[in-house]
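Okay, so here's the structure we're looking at.
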Amino acid sequence: MASSGVRHGQTGQVQNMMMKFHRSTNDVEFDFEGENLIKGETDGSSYPNGGLRATHTAGGYLAVDTSSPIFLRGDTVFIPSAFVSYYGAALDEKTPLLRSNAALNKHGKRLLKHLGLDIGERDVVSNIGLEQEFFLVPREQYYRRPDLQLAGRTIMGRDAPRGQEMCDHYMAPPSLANPALACMQEIQDECWRLGIPLKTRHREVAPNQYEFAPLYGYNTTQVDQNLMVMQIIEEVSARHGMAALLQEKPFNDVNGSGKHNNWSIATDDGIMMLHPQKINKATGNPAAFAVIMSAIIAAVNEHGDLMRMAIASPGNDFRLGACEAPPAIVSTYLGDDMTFYLSHFKDGKGEGEYIPQKKMLDLGTHEVLPFEVPSEDRNRTSPFPYGGARFEFRAVGSSQNVSMVNTVLNTIVAEKFAEFSDAIDAGADPHDIARQALNENWKVIFNGNNYDEAVQQELTDRGLWRIDSGVEAIARFTAEKNVALFQKMKVLTKEECESRQMIMHDHYTGTVEIEAKCMIDMIQQHIIPSVKAAGVGPLGDLEAAVVSLKEALGEIHGAEESYKKAQLSRVLRLETMIDIRAVCDAAEEVVPANLWTLATYKELLFLDQHTAVAPDTEPTYFDE
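Take the sequence shown: its position 331, counted from the start at 1, is 331 in UniProt numbering, and no numbers get skipped.
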């Protein structure tokens, strides 16, 4: 299924038949009792568990998650569940997210009450919307790429004469002659049957790159549904003669794929806490929005390292800061109008309400009527821009299970809500607390071009969190302040933090080992034979490259600590293997096409140029 084997954080499934056998009567009863719904038991030691389970202490327990809907697919009823050890330690991605929801609810309600709104038995919830990007490539050519099959990305490959320089793929009309359209229609259809409305589909920037976007909703539901969407994308694409690639950077020199995480908070009856007019009206406090925003700004500034940790998937090391995704420097974009308002607020120049200014565009023609646009422009270079009632975490990787991303966002904001409420309980004025937070954390606000290298140096000099290496970002998981945060908010214990850090480092190392072994095989089984057959090419350099790769793998295997293994793996991946890739690509450049056995970028990346005829039937979107 293309990249499914290298994605971390997929669903784990135990499928039990709804059957009981009565030995006394030899009768078979097809039934599913309530006790089987409430709790299940399985082996917890065979999953990545970071030492929380072992073969001799293997118990793992499933308990139904009532916040996420059950759904039916094929002959199976799928019941979203939490998965914990015999002692209650989280073995899954869901349990910490649920705990962070509880923390956000508890302290969000406290702060709202201080601001003038007592929601009683109602809850404060986190809602998200996930924009899923991916590539579709011809399956016939996919089978000619061992690296795509086993690692999910191309570890070598000369650029095709054409890439994305013409800017002609983004939002280009889907063609009936291209199998991608029929594939996407079937994906939408199948998701619709599961209650997953994929509202938007379109082509993305790179050739063969596409995107789906659903309706937003409660975070646990959206995470579960996104995991199913990724699985369905892979399964359906195979039926259409294609392979879906969900890895962040499957191809060199064209854009990689992300999963934009649109995050917002609201009461469960619809009062949006990040919408200035709605929250100010609900609380009767014209500065309520400013107080809430100041807490979030403080959270981003203080815990930018955790935000960076949460997006430290192996593929993101190639993507962040490459002028296709935000850099690995954590800042937030608010827009000029809101920044001006908050600047006056922090300086004590006014406590009035922030009212976004409506902007009308008149194109100067009667055929197109004047229309309203958002009060602020869109900044695609910011890792965490405000977008009107939500923040968009743009740096998330396409292959990720976003549970940890939202666990971090919920937890760091819950902590600031708690600190604000504690200070108010002690007699402080909410507006004074907000002003102090803004003055102390103002440096994290940046509305300019984050791609500019001079700007990146400026932000670094400001003291913002900048962690270019995913391995080093993962190491921040167990920093003293971060363990204290998770413990205080009752989201993760110290042992759970340590286990997850180990799992993430091991996953990084395992990914690089697979890539390096693929590179060895491809050089020995494909490139060297092609070079010998052609009688041209860097044969000696290729043979030396194999030796270098094997030595580097041996050094990794000889290291004892998971952190050290991951550090060595990063050097192998981002230094040694990049140099060797240049040698392999130089060989591809001179070997005749009829002697080159690997699928080329030209053969992989241009469905529009390689596909045949339009389908015989009219396209359908959903069952009628």
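Idealized CB from N, CA, C, for every residue including glycine.
Residue i - containing alpha helix (DSSP H), residue span
| i | result |
| --- | --- |
| residue 499 | 494 to 522 |
| residue 68 | No alpha helix (DSSP H) holds residue 68; DSSP gives it neither H nor E. |
| residue 565 | 562 to 571 |
| residue 309 | 304 to 310 |
| residue 203 | Careful: residue 203 lies outside any alpha helix (DSSP H), inside the beta strand (DSSP E) at 198 to 203. |
| residue 345 | 336 to 346 |
| residue 192 | 179 to 193 |
| residue 365 | Looking at the DSSP string, residue 365 is not in any alpha helix (DSSP H), and its letter there is neither H nor E. |
| residue 481 | 480 to 488 |
| residue 272 | Here residue 272 belongs to no alpha helix (DSSP H), and DSSP marks it neither H nor E. |
| residue 468 | Run containing residue 468: none; DSSP gives neither H nor E here. |
| residue 557 | 539 to 558 |
| residue 408 | 403 to 425 |
| residue 220 | 219 to 239 |
| residue 253 | That residue, residue 253, is in no alpha helix (DSSP H); it is neither H nor E in DSSP. |
Check whether residue i and residue j have beta carbons under 8 angstroms apart
| i | j | result |
| --- | --- | --- |
| residue 45 | residue 63 | no |
| residue 407 | residue 491 | yes |
| residue 110 | residue 421 | yes |
| residue 21 | residue 28 | yes |
| residue 103 | residue 411 | yes |
| residue 593 | residue 538 | no |
| residue 553 | residue 515 | no |
| residue 208 | residue 607 | yes |
| residue 314 | residue 25 | no |
| residue 83 | residue 60 | yes |
| residue 534 | residue 591 | yes |
| residue 200 | residue 213 | yes |
| residue 563 | residue 475 | yes |
| residue 326 | residue 450 | yes |
| residue 298 | residue 416 | yes |
| residue 350 | residue 386 | no |
| residue 187 | residue 254 | no |
| residue 302 | residue 211 | no |
Same chain, Cβ closer than 6 angstroms to residue i, five either side skipped, listed in chain order
| i | result |
| --- | --- |
| residue 288 | 115, 279 and 280 |
| residue 221 | 68 |
| residue 268 | 122, 123 and 125 |
| residue 498 | 478 |
| residue 10 | none |
| residue 509 | 565, 566 and 569 |
| residue 169 | 203 and 207 |
| residue 141 | 599, 603 and 604 |
| residue 503 | 48 and 50 |
| residue 54 | 45 |
| residue 612 | Confidence is the limiting factor: at residue 612 the pLDDT is only 46, short of 50, which leaves the residue's position unreliable and the question unanswerable from this model. |
Cβ neighbours of residue i in the same chain (closer than 7 angstroms, five flanking residues each side left out)
| i | result |
| --- | --- |
| residue 614 | In this predicted model, residue 614 has a pLDDT of only 48, less than 50, meaning its place in the structure is not dependable enough to derive any value. |
| residue 574 | 317 |
| residue 434 | 290, 291 and 294 |
| residue 357 | 337 and 375 |
| residue 486 | 411, 492 and 497 |
| residue 17 | none |
| residue 518 | 146, 147, 150, 151 and 155 |
| residue 341 | 354 |
Extent of the continuous beta strand (DSSP E) run through residue i
| i | result |
| --- | --- |
| residue 85 | 81 to 85 |
| residue 28 | 27 to 29 |
| residue 20 | 20 to 22 |
| residue 212 | 209 to 214 |
| residue 138 | 124 to 138 |
| residue 62 | 59 to 64 |
Close Cβ partners of residue i (< 8 angstroms) along its chain, the five nearest in sequence each way excluded
| i | result |
| --- | --- |
| residue 528 | 539, 542 and 543 |
| residue 597 | 144, 526, 529 and 530 |
| residue 38 | 63 and 64 |
| residue 76 | 15 |
| residue 423 | 433 |
| residue 559 | 565 and 568 |
Anticipated Cβ contact below 8 angstroms, residue i with residue j, distance rounded
| i | j | result |
| --- | --- | --- |
| residue 394 | residue 382 | 7 angstroms |
| residue 71 | residue 150 | Not really, about 31 angstroms apart at Cβ, beyond 8 angstroms. |
| residue 522 | residue 146 | 6 angstroms |
| residue 258 | residue 397 | 6 angstroms |
| residue 260 | residue 131 | 4 angstroms |
Query raised in the report: Are the segment 459 to 475 and the segment 438 to 448 touching, with three or more C-beta to C-beta distances below 8 angstroms?
Result: Yes, the segment 459 to 475 is in contact with the segment 438 to 448.
Query raised in the report: Counting pairs of Cβ atoms below 8 angstroms between the segment 241 to 252 and the segment 86 to 106, do you hit three or more?
Result: With a cut-off of 8 angstroms, the segment 86 to 106 and the segment 241 to 252 do not count as touching, because too few Cβ pairs lie within range.
Requested in this report: Taking 8 angstroms as the threshold, find out whether the segment 221 to 237 comes into contact with the segment 354 to 370 through three or more Cβ pairs.
Outcome: No contact exists between the segment 221 to 237 and the segment 354 to 370.
Query raised in the report: Do the segment 147 to 157 and the segment 258 to 278 touch if we need at least three Cβ pairs shorter than 8 angstroms?
Result: Segments in contact, no.
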